[in-house]
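Numbering (the numbering used here), first residue to last: 15 to 302.
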Ligand SMILES: NC(=O)c1ccc[n+]([C@@H]2O[C@H](COP(=O)([O-])OP(=O)(O)OC[C@H]3O[C@@H](n4cnc5c(N)ncnc54)[C@H](OP(=O)(O)O)[C@@H]3O)[C@@H](O)[C@H]2O)c1
């Protein structure tokens, strides 16, 4: 990874921090985007002390289009290349919340924010080809068996279930990967999604979610993967020559596996892309 630049969302803790650490050790320059910049600075200092390489931290709130635009502008100003864009940040929320732009927050952060960020950085990623986009999804997408709820996609005002909405947002990650891979054919940019395993991190902790999901992550944590183990497939997809030309795939334990049927629906993948563009256009320019 010497000479390569990696931009990673949510690199201040958990799976993202361990991914940033490993890629920095391999020689990459890493830029972390996260909300808690102080925590990001602590992670960066720890990684730099080990790897001897610069790790930059920039404020990024994926729940705000303005913040995403400001982050992308800073990346474009300071990074002449982006060899790897790693879309890692993600949340599960117990209560329905909204992003600054008025979208349900789990969909807004896990999918829509990353969609906008990718659009803003895509020309730089293409100009850096051969380059890679890596999307941290989850096997939780398999729970969204019947696909996305198109009527409620970005709002979820009726019968809110934090876990169901999370599963659908992770399905959106796989569908996004599929459609982006199709659109990037012939550009030298690959894009792959992954399941990191079930990992003991801050995920589902800190009061974001209550009930069985949070109890599971609290009490099962000694038996779950460590963050370093959970980062292995992200690191593989970001750096291994074995996947130089592989694109549009879904990986688990560094092996390509089939995502569920709903995640292999090309029509849904295209529809999600168009719908995401429309939602962002509505909020940004007031037009549909
Ligand atoms: N842990 C698991 O078992 C598991 C299983 C399957 C998939 N995953 C996926 O793995 C990814 C990483 O999760 P993790 O387990 O490492 O969880 P984590 O420890 O909770 O880390 C989540 C990261 O996302 C960032 N983040 C959250 N909201 C954000 C926002 N609005 N804007 C920017 N960054 C934001 C957080 O930083 P700030 O709060 O500072 O912004 C943090 O760095 C997620 O996409 C998750 O869905 C995890």
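From the three backbone atoms N, C-alpha and C, an ideal C-beta is built for every residue, glycine too.
Does the beta-carbon of residue i have 16 or more other beta-carbons within 10 angstroms, so that it is buried, or is it exposed?
i	result
residue 197	exposed
residue 200	exposed
residue 173	exposed
residue 250	buried
residue 127	buried
residue 64	exposed
residue 271	exposed
residue 262	buried
residue 259	exposed
residue 244	buried
residue 96	buried
residue 79	buried
Closest to residue i by CA distance: which of the options is it?
i	options	result
residue 161	258, 278, 42, 36	278
residue 216	150, 79, 231, 117	231
residue 185	147, 120, 112	120
residue 107	77, 86, 25, 21	77
residue 53	43, 64, 30, 36	30
residue 103	24, 169, 135	24
residue 182	221, 118, 144, 142	118
residue 169	145, 151, 112, 141	112
residue 131	66, 87, 109, 269	87
residue 143	204, 152, 47, 28	204
residue 208	234, 274, 163, 122	274
residue 157	101, 178, 62	178
residue 210	239, 221, 193, 228	239
residue 265	21, 284, 151	151
Looking at the unbroken alpha helix (DSSP H) that takes in residue i, where does it start and where does it end?
i	result
residue 248	246-253
residue 86	79-92
residue 239	That residue, residue 239, is in no alpha helix (DSSP H); it is neither H nor E in DSSP.
residue 27	Where residue 27 is concerned, there is no enclosing alpha helix (DSSP H), given that its DSSP letter is neither H nor E.
residue 226	226-233
residue 134	128-141
residue 190	176-197
residue 60	51-65
Going by DSSP, name the residue or residues bridged to residue i.
i	result
residue 43	19
residue 207	149, 264
residue 70	45
residue 219	In the DSSP output, where bridge partners are listed per residue, residue 219 has none listed.
residue 269	266
residue 118	112
residue 213	239
Can a CB atom of chain D be found closer than 8 Å to the CB of residue i?
i	result
residue 280	Looking at the structure shown, chain D is missing, and only one protein chain is on hand.
Mind checking which residues open and close the beta strand (DSSP E) that includes residue i?
i	result
residue 99	98-101
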